[in-house]
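Just below is one structure, and these are the notes that go with it.
Numbering (the working numbering), first residue to last: 128 to 244.
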């Protein structure tokens, strides 16, 4: 069943299930980044300070598939709703002031049918 997410509850509700998913490298959801080229230019706090850091095999990159593995699901049950959530690691001013993730760009929730997909 649809868990009844709203624009006020979706972040907390989805994050509560982080222990039931991981990437194909075994890292729990919520503990890894998907990097974009801006991460080469911002604070090194995100772990990417060079092209070699960006290209490292263990790092996910924007515009590429991220393999997510869900577990704890009931076999042969039809799940009509599976939600993902992401937020960016942006600093307040892009120079590292404010700390990693101090001003994240996060996915917006919309219950409008026109926004589905």
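C-beta atoms are modelled at their ideal positions from N, C-alpha and C, and glycine is treated no differently. Source: prediction; values computed, not measured.
C-beta contact flag for residue i and residue j at 9 Å
{"i": "residue 205", "j": "residue 232", "result": "no"}
{"i": "residue 209", "j": "residue 150", "result": "no"}
{"i": "residue 135", "j": "residue 141", "result": "no"}
Residue(s) in a DSSP beta bridge with residue i
{"i": "residue 141", "result": "Residue 141 pairs with nothing; no bridge assigned."}
{"i": "residue 155", "result": "149"}
{"i": "residue 233", "result": "214"}
{"i": "residue 162", "result": "188"}
Host beta strand (DSSP E) of residue i (start-end)
{"i": "residue 149", "result": "148-150"}
{"i": "residue 239", "result": "Run containing residue 239: none; DSSP gives neither H nor E here."}
Which listed residue (the options) has its alpha carbon closest to that of residue i
{"i": "residue 168", "options": "213, 241 and 181", "result": "181"}
{"i": "residue 126", "options": "242, 235 and 153", "result": "Outside the shown range of the chain, which is 128 to 244, sits residue 126, and nothing can be said about it."}
Segment limits, alpha helix (DSSP H) that includes residue i
{"i": "residue 167", "result": "165-168"}
{"i": "residue 180", "result": "178-182"}
contact_flag[the stretch 162-175, the stretch 187-195] where n(CB pairs < 8 Å) is 3 or more: In short, these stretches touch, since the Cβ pair count reaches three.
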